[in-house]
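Mapped onto the working numbering, the consecutive letters of the sequence shown carry residue numbers 113 to 240.
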Amino acid sequence: MNQKEFSKKDSRGKDLFVLVLSIELQNPDELVQEMRVFKEIVIGWHRARQKEAAEVRFIAVSDPKYHQAIEEFSEVCHSNDIDLKVIFESTELNLDLHDKTGKLVRERIFEKNKDASGILNRWFKRGK
């Protein structure tokens, strides 16, 4: 996973920070490990930036057949992970899904202070 940080000014001229994380996923079995790394990076970055942490932008480059799994993992991180849920109550999460050539296929913005998905309900229904 690659990471980069940018700063931007809010309407009052105060510095806010954006964390950009990117992965190139070639094997869906690597997704769980990549999301562990994602979690560690986001928690550490948010701890350092606190109120100045404005946005996390997650860029995933992969075969489009993996996009749904990546989006579902992002939903879990946003709405259901006990450590990240608190962060994403005040920090925006954006997901950019690209195909293997780098072309943007889909963008999703997860709203702050909202449960994004009901993802756990969907998973439990699948198991029945």
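We treat Cβ as the ideally placed atom computed from N, Cα and C, and that holds for glycine.
query: Where Phe170 sits in the DSSP three-state scheme; result: strand
query: Outcome for Ile221 when other beta-carbon atoms lying within 10 angstroms are tallied against a minimum of 16; result: exposed
query: Spatially closest choice to Val144 from Ile199, Met113, Leu205 and Leu216, by CA coordinates; result: Met113
query: C-beta atoms of Val168 and Leu209 nearer than 8 angstroms; result: no
query: Rounded distance between the beta-carbons of Phe170 and Ser191, thought under 8 angstroms; result: With 8 angstroms as the limit, Ser191 and Phe170 do not qualify as a contact, their Cβ atoms being about 14 angstroms apart.
query: Supposed close pair Ala172, Ile135 - CB separation, criterion 8 angstroms; result: 5 angstroms
query: For Lys224, three-class secondary structure by DSSP; result: coil
query: Bounding residues of the beta strand (DSSP E) (the contiguous stretch that carries Phe129); result: Asp127 to Leu137
query: Glu146, enclosing alpha helix (DSSP H) - first and last residue; result: Leu143 to Arg161
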